[in-house]
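Residue numbers (UniProt numbering): 1 to 326.
Written out as structure tokens, the structure is:
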């Protein structure tokens with residue numbers, strides 16, 4: 001399945017429920033991270049989350065009678081993707097949300113496509129820089145400065161938390177073009193590749209966690225809310241959400257499915273305000289709108305033939321614009 005062969009004109013009723021559900025699931029992930037880091041070290045939270053997601057996708061893999069990759073070369077590349085697309089960014093969002101609001105973390109997640117583009121152009125050579133994309137990048141950079149509120153001065157825990165969330169988005173910016181360059185053309189399904197990513201990330205975190213945060217507490221030592229948040233993050237937000245995303249790509253087409261990028265920060269802000277009573281300064285949502293405008297311009301949303309935006313969320317890093325071929 002490719003973007004050229006996937007139908008982009010399916011009836012709206014066929015894909016809209018899954019599309020909205022996916023935006024809500026990924027948008028709510030920042031709420032569950034906020035709840036989780038109240039009792040768990042960010043590294044421990046990521047370990048539990050990734051293990052739950054990996055087990056979920058293993059079950060789906062077995063049900064669909066798919067298989068994990070068998071080529072050592074693919075596993076070697078997926079080791080890099082697991083680190084920069086799963087283990088490190090998930091952990092950085094956890095560290096960040098110890099210092100900033102969950103809705104603000106959702107806003108920073110939306111900057112991912114702006115980081116992907118220059119790396120894809122300059123480092124991985126998978127894209128070309130055009131005037132339209134340069135304008136989009138410029139708008140996005142202005143939006144980032146507005147979100148940061150640079151005129152108010154920089155420094156403090158809140159600013160550090162924002163930088164950590166931006167660092168998480170930057171990790172997605174590395175992993176997505178890396179995967180497009182070295183993995184996306186393989187013969188394995190997106191489900192197979194994502195399951196392998198989560199298993200590798202779980203192994204990496206299992207090695208690092210005892211040294212960074214100590215052994216994670218048993219689930220019985222955690223509150224019911226934190227346990228529910230971890231299971232939801234893993235099984236739903238990191239596991240089943242991928243299955244929903246792949247269905248959206250199949251039914252609506254990659255271009256339509258990947259526009260979920262623009263709804264995720266909206267859900268993150270709404271859920272943070274309603275569930276946690278969080279509030280933003282005026283410049284943060286304004287900056288987010290400028291960032292999204294920059295993303296839309298860089299991805300050709302206002303042109304007749306548009307490319308697919310990249311989703312940098314808490315799912316395994318399989319670009320929606322490049323669904324893996326079976």
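Beta carbons are placed, not taken as given, at the ideal position from N, Cα and C, and that holds for glycine.
Computed from a predicted structure; not experimentally measured.
Cut-off 8 Å between Cβ atoms - residues of its own chain near residue i, not counting five sequence neighbours on either side
i, result
"residue 75", "69, 196 and 200"
"residue 20", "263"
"residue 71", "186"
Between the CA atoms of residue j and residue i - distance to the nearest angstrom
i, j, result
"residue 194", "residue 180", "13 Å"
"residue 233", "residue 132", "36 Å"
"residue 108", "residue 13", "30 Å"
"residue 49", "residue 95", "15 Å"
"residue 178", "residue 152", "36 Å"
"residue 115", "residue 173", "5 Å"
"residue 64", "residue 134", "42 Å"
"residue 168", "residue 89", "4 Å"
"residue 98", "residue 214", "18 Å"
"residue 141", "residue 245", "28 Å"
"residue 238", "residue 53", "5 Å"
"residue 113", "residue 261", "9 Å"
"residue 223", "residue 162", "27 Å"
"residue 157", "residue 164", "10 Å"
"residue 268", "residue 208", "29 Å"
"residue 128", "residue 39", "45 Å"
"residue 4", "residue 250", "Model confidence at residue 4 stands at a pLDDT of 41, short of 50, so the residue's coordinates are unreliable and nothing is read from them."
"residue 204", "residue 124", "24 Å"
When the options are compared against residue i, the one with the closest alpha-carbon
i, options, result
"residue 248", "12, 18, 13 and 135", "18"
"residue 265", "71, 257 and 284", "284"
"residue 51", "286, 158 and 216", "216"
"residue 92", "146, 45 and 287", "45"
"residue 258", "268, 242 and 271", "242"
"residue 240", "104, 40, 118 and 56", "56"
"residue 166", "236, 297, 104 and 206", "104"
"residue 291", "272, 120, 148 and 273", "148"
"residue 32", "275, 208, 203 and 143", "275"
"residue 297", "228, 117 and 157", "117"
"residue 256", "299, 62, 59 and 72", "299"
"residue 202", "289, 126, 84 and 155", "84"
"residue 235", "130, 38, 145 and 47", "47"
"residue 281", "86, 101 and 295", "101"
"residue 29", "294, 230 and 295", "230"
"residue 42", "59, 137, 58 and 87", "87"
"residue 150", "287, 301 and 302", "287"
"residue 106", "143, 136 and 27", "27"
Alpha helix (DSSP H) segment containing residue i, residue limits
i, result
"residue 302", "That residue, residue 302, is in no alpha helix (DSSP H); it is neither H nor E in DSSP."
"residue 74", "72-82"
"residue 92", "88-97"
"residue 109", "102-109"
"residue 49", "42-63"
6 Å Cβ shell around residue i - same chain, five flanking residues per side excluded
i, result
"residue 66", "189, 191 and 192"
"residue 263", "23"
"residue 252", "10 and 15"
"residue 2", "Residue placement at residue 2 cannot be trusted, given a pLDDT of 41 that sits under 50; what the coordinates show is reported in the next sentence. If we look at residue 2 and ignore the five residues flanking it on each side, it has no Cβ neighbours."
7 Å Cβ shell around residue i - same chain, five flanking residues per side excluded
i, result
"residue 182", "77"
"residue 81", "175, 178, 179, 183, 197 and 317"
"residue 225", "35"
"residue 60", "191 and 243"
"residue 139", "290, 293, 294 and 297"
heavy atom of the ligand SAM below 6 Å from residue i C-beta
i, result
"residue 30", "As far as ligands go, the structure on display features none, and thus does not contain the ligand SAM."
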